[in-house]
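Notes follow the structure.
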Amino acid sequence: MSAPPVPVPQPLHESLALAIGCMVAAQVVFTGMDTMVKLLSEGFGAAQIVWGFFAAFTITATVDAARNGSLRSALRTRRPLLHIVRALLLPVNMAAMVLALNLLPLATVTTVVCTFPLIVTALSVPILGEHVGPRRWAAVGIGFVGVLIVVRPGTDVFDPAAFVALFAGAVYALYLVLTRLLSRTDRSDGIALSTAWIGLAVFSIALPFDWRMPTGEEALLLASVALAGTIGHRLIIVAFSRAPASTLQPFTYLQVVWATVAGLVVFGHLPDAVTLAGAGVIVASGLYAWWRERQVKTS
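Residues 915 to 1213 (my numbering) make up the sequence shown, in order.
Written as structure tokens, this is what we have:
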């Protein structure tokens, strides 16, 4: 479960190695977060699991906005409805992720959700007005063939819960595209602030209806989810402040590797050959779409 990326200023041309290291570390942290969410998901609802993350995110986003000036100026926007719609997508994504992690192996959920860069490519045409050539459209199509390989509809191993993971990835992709759209006109700290406050409000409203008193061990896991989300979020900010998004995107696919390892070590789940093949198709198509986008921008 990836923490929400925050638009940041243009790259500072500092150490590329540091940026890549932060991105790789973020994927490890997010995998740990997803592992703890899966452990908690059998006994707790999404609101109780995720509320702590949004509380911590709200504190850090508010402090960041206050450092850059007044909160009122950070939240100034001509698109308040778009802020609200975009911010509401993150709680939907996280709730879907909790459900998917409860129903499916960790590696399977991560693999299917990692289609989100391909979905971003597809959504960038109608929402952002970007041009996507036939090669990148082909990559998008091949990526979804990879999803079908993993999900295997019509077979005995098919689990409809895989579509919950695909829905989570699609919602996250829409969230990212709307982030790009808002970042054209609004301050990045204001975008982060609206995301944090609205997400916290949503889960605070749901929390009393989704509350169960945790044991000491469960409380530690809940706190660790919040801490991991906050640390991963800060690592992403550092990474994107030091290198372009196009440079860092391929490293997001490392989460498939870490999730496979975590699933085996913690839950004893080893993906079969067909699932691994589907994951390979998804990752390869995503990397090709990224490479082709860079080629188009530099030509």
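Just so it is clear, CB atoms sit at the ideal spot from N, CA and C, and this is done for glycine as well.
Between the beta-carbon of L1015 and that of V1026 there is about 11 Å, and that puts the pair past the 8 Å contact cut.
Pairing P1164 with V1065, the inter-Cα distance amounts to about 23 Å. W1111: member of the alpha helix (DSSP H) spanning S1102 to A1120, first to last residue. By the neighbour-count criterion, in which 16 or more other beta carbons inside 10 Å mark a residue as buried, G1055 falls on the exposed side. Between L1018 and V1085, the C-beta spacing is not below 9 Å. Taking C-beta atoms as the reference points, G1177 and A940 fail to come closer than 9 Å.
With a threshold of 16 other beta carbon atoms within 10 Å, A1142 meets it and is buried. Here M937 is near L1149, since their CB atoms are less than 9 Å apart.
DSSP places R1148 inside the alpha helix (DSSP H), whose first and last residues are G1130 to R1156. In the assembly as shown, M1011 is a buried residue. Its beta-carbon has 16 or more other beta-carbons within 10 Å. A residue is called buried when at least 16 other Cβ atoms come within 10 angstroms of its Cβ; F968 meets this threshold and is buried. In the DSSP assignment, C936 falls within the alpha helix (DSSP H) that extends over L930 to S955. In the three-state reduction of the DSSP assignment, A1075 falls in the coil class. Spatial neighbours of A1053 in its own chain (CB-CB distance under 8 Å, excluding positions within 5 residues in sequence) are listed in chain order as L1032, T1035, S1199, G1200, Y1202, A1203 and R1206. In this structure, the beta-carbon distance from L932 to V1152 falls below 9 Å. The beta carbon of G959 sits closer than 7 Å to the beta carbons of D1124 from its chain, once the five residues preceding and following it are set aside; these are given in chain order.
With three or more CB-CB distances shorter than 8 Å, the segment 961-979 counts as touching the segment 1112-1124.
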